[in-house]
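Residue numbers (full-length UniProt numbering): 1 to 322.
Quick notes on the structure that follows.
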């Protein structure tokens, strides 16, 4: 089963070794939804006078599956995905990503959106994958984020929704992805989120499947539209303050002032302001103003040094006490 994937993913040497141990008189069957020309040639090495049986047109998609394409900016895909899952009451959905990293990240983001989601891919331990799949089949897991390889062979009874979060580079993978829904005569819906940069993949899918998939837009998520404030990325903890200013020695916590910051009036008196525990700023030859919260300590006097002039404009002189 999934013969094309077994043959094109680097397993060829393992397959040859296994085949060499089998009886010469045997029956060999290869199953797959898609067969590229090079895979057919490779399969011929393992079979004698093979016969092809097709239950549907090659590379065709299931007519029971409604295919929808939504245009959206890449940076707003996750928000649109959460919106669709919640507003369309997707009780069970498989979401496809191209990489393990993006699958893990998306699962974390969906959890922050209040959705029960888990990622499944080749880096997960077998026991973990089985546990996640069991939860998904039982219905306690709402969103299964998967890579193409991890989802191959999955058979979820009456899975209603599949979402292509990222369009695959190979159009054949699209056929396999949406084949997870609409199985055994059931109907299903396959949704693809297409960013402007994925137009080429979209065209390749249309060419392979011989059908037109006209992109639509969801109100409020039109490409180029400004994102609402609530979609702003969460602020990350950093050692730098707003606008890139250093917090300095005090850590920049609320209720504490930073010695590096100055009021507009102070800025007029001191042309430069540098974040440091002690700072002396002024024009060469003029009196220097000292800002030294640790003044008087033996350690600070011993540690006094002059900052190299090449770090500053030539008309300024700075001394730092630590």
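By construction, the Cβ of each residue, glycine as well, lies at the ideal position given by its N, Cα and C atoms.
Predicted, not measured: the structure shown is a model, and the values here were computed from it.
Handout entry: Status (buried if at least 16 other CB within 10 Å, exposed otherwise) for residue 126
Key = As a working mapping, residue 126 is identified with position 126 in the chain shown. Exposed, by the Cβ-count rule.
Exercise for the section: Select from 83, 133 and 169 the residue whose C-alpha is nearest the C-alpha of residue 217. Expected result: To locate residue 217, count along the chain shown from 1; it is residue 217. Cα-wise, what sits closest to residue 217 is 83.
Practice task
For chain C, find out if any of its Cβ atoms is closer than 7 Å to the Cβ of residue 197; answer yes or no.
Solution key: No chain C is part of this structure, which consists of one protein chain only.
Problem - Closest Cα partner of residue 81 within the set 155, 124, 229 and 221 - result: In the chain shown, counting from the first residue as 1, residue 81 sits at position 81. Here the closest residue by C-alpha is 221.
Problem - C-alpha distance - residue 90 paired with residue 139, whole-angstrom precision - result: Taking the chain shown and counting its residues from 1, one reaches residue 90 at position 90. Taking the chain shown and counting its residues from 1, one reaches residue 139 at position 139. Distance between the alpha carbons of residue 90 and residue 139 is about 11 Å.
Exercise for the section: State the start and end residues of the unbroken alpha helix (DSSP H) segment that holds residue 174. Expected result: Here residue 174 is taken as the residue at index 174 of the chain shown, counted from 1. Counting along the chain, the alpha helix (DSSP H) containing residue 174 begins and ends at 171-178.
Exercise for the section: Could you tell me whether the segment 163-173 touches the segment 201-216, using the rule of 3 or more Cβ pairs below 8 Å? Expected result: yes
Exercise for the section: Check whether the segment 103-120 touches the segment 173-183, taking contact to mean three or more Cβ pairs, one atom from each stretch, closer than 8 Å. Expected result: no
Exercise for the section: For the beta strand (DSSP E) holding residue 118, just list the boundary residues, first then last. Expected result: Looking up residue 118 in the chain shown gives position 118. Its beta strand (DSSP E) spans residues 117-120.
Handout entry: residue 213 versus 162, 191, 113 and 116, residue with shortest Cα-Cα distance
Key = For the purposes of this step, residue 213 is taken as the residue at position 213 of the chain shown. The option with the nearest alpha carbon to residue 213 is 191.
Practice task
Assign residue 44 to buried or exposed, taking buried as 16 or more other Cβ atoms, counted over all protein chains shown, within 10 Å of its Cβ.
Solution key: In the chain shown, counting from the first residue as 1, residue 44 sits at position 44. Exposed, by the Cβ-count rule.
Exercise for the section: For residue 1, count neighbouring C-beta atoms within 10 Å of its own C-beta (all shown protein chains included) and say buried if the count is 16 or more, exposed if not. Expected result: As a working note, residue 1 is residue 1 in the chain shown. With fewer than 16 Cβ atoms within 10 Å of its Cβ, residue 1 is classed as exposed.
Exercise for the section: Counting only the same chain and skipping the five closest in sequence on each side, list residues whose C-beta sits under 6 Å from that of residue 129. Expected result: Numbered from 1 along the chain shown, position 129 holds the residue referred to as residue 129. Cβ within range, chain order: 120.
Exercise for the section: Tell me where the alpha helix (DSSP H) around residue 12 begins and ends. Expected result: Taking the chain shown and counting its residues from 1, one reaches residue 12 at position 12. Run containing residue 12: 12-20, per the alpha helix (DSSP H) assignment.
Exercise for the section: Please classify residue 21: is it buried, with 16 or more other beta-carbons within 10 angstroms of its beta-carbon, or exposed? Expected result: The residue you call residue 21 lines up with position 21 of the chain shown. Counting Cβ neighbours within 10 Å, residue 21 comes out exposed, since fewer than 16 surround it.
Exercise for the section: Per DSSP, which residues does residue 188 bridge with? Please list them. Expected result: Sequence index remark: in the chain shown, residue 188 carries index 188 (1-based). Paired residues: 65.
Exercise for the section: Return the CA-CA distance between residue 148 and residue 117, expressed in angstroms with no decimal places. Expected result: To locate residue 148, count along the chain shown from 1; it is residue 148. To locate residue 117, count along the chain shown from 1; it is residue 117. Between residue 148 and residue 117, the C-alpha separation is close to 17 Å.
Handout entry: Local conformation of residue 95 per DSSP, three classes
Key = Counted from its first residue, the chain shown places residue 95 at position 95. DSSP places residue 95 in strand when its eight states are reduced to three.
Exercise for the section: Tell me whether residue 179 is buried or exposed, calling it buried when 16 or more other Cβ atoms sit within 10 Å of its Cβ. Expected result: Locating residue 179 in the chain shown gives position 179, where the first residue counts as 1. It is buried - the Cβ of residue 179 has at least 16 other Cβ atoms within 10 Å.
Problem - Reduced DSSP category for residue 222 - H, G, I as helix; E, B as strand; rest coil - result: Within the chain shown, numbered from 1, the residue matching residue 222 stands at position 222. Residue state, collapsed to three classes: coil.
Handout entry: Element boundaries [alpha helix (DSSP H), containing residue 404]
Key = In the structure displayed, the chain extends from 1 to 322; residue 404 sits before or after that span and is not available.
Practice task
Identify which residue in 86, 199, 67 and 29 has its Cα closest to the Cα of residue 52.
Solution key: Along the chain shown, one-based indexing puts residue 52 at 52. Minimum Cα distance to residue 52 is reached at 29.
Problem - Range covered by the alpha helix (DSSP H) that runs through residue 161 - result: As a working mapping, residue 161 is identified with position 161 in the chain shown. Unbroken run through residue 161 is the beta strand (DSSP E), 161-164; no alpha helix (DSSP H).
Handout entry: Inter-residue Cα distance where the pair is residue 132 and residue 16
Key = As a working mapping, residue 132 is identified with position 132 in the chain shown. As a working mapping, residue 16 is identified with position 16 in the chain shown. Between residue 132 and residue 16, the C-alpha separation is close to 33 Å.
Exercise for the section: State the beta-bridge partners of residue 193 as determined by DSSP. Expected result: Here the question's residue 193 lines up with position 193 in the chain shown. According to DSSP, which records beta bridges pairwise, residue 193 is partnered with 70.
Exercise for the section: Along the alpha helix (DSSP H) that carries residue 206, what are the first and last residues, could you check? Expected result: As a first step, residue 206 must be located in the chain shown, where it is residue number 206. Element bounds for residue 206: 199-209.
Exercise for the section: Measure the alpha-carbon distance for residue 374 versus residue 122 and round it to whole angstroms. Expected result: Nothing can be reported for residue 374: it is not among the residues displayed for the chain, which extend from 1 to 322.
Problem - Inter-residue CB distance, residue 72 and residue 195 (contact presumed, cutoff 8 Å) - result: Residue 72 sits at position 72 when you count from the first residue of the chain shown. Residue 195 sits at position 195 when you count from the first residue of the chain shown. Right, the Cβ-Cβ distance comes to about 7 Å (below 8 Å), so this counts as a contact.
Handout entry: DSSP state of residue 80 mapped onto helix, strand, coil
Key = On the chain shown, residue 80 is found 80 positions in, with the first residue counted as 1. Correct three-state label for residue 80: helix.
Exercise for the section: Keeping to the same chain, check which residues put their C-beta closer than 8 Å to that of residue 236; ignore five residues upstream and five downstream. Expected result: Translated into the one-based positions of the chain shown, residue 236 becomes position 236. With a pLDDT of 38 at residue 236, under the threshold of 50, the predicted position of this residue should be treated as unreliable, and no value is reported.
Exercise for the section: Compute the distance between the beta-carbons of residue 332 and residue 181, then report whether it is under 7 Å. Expected result: With the chain represented from 1 up to 322, any question about residue 332 goes unanswered, as that position is not in the structure.
Exercise for the section: List the residues that DSSP assigns as beta-bridge partners of residue 216. Expected result: The residue labelled residue 216 in the question sits at position 216 within the chain shown. For residue 216, which the question treats as bridged, DSSP gives the partners 70.
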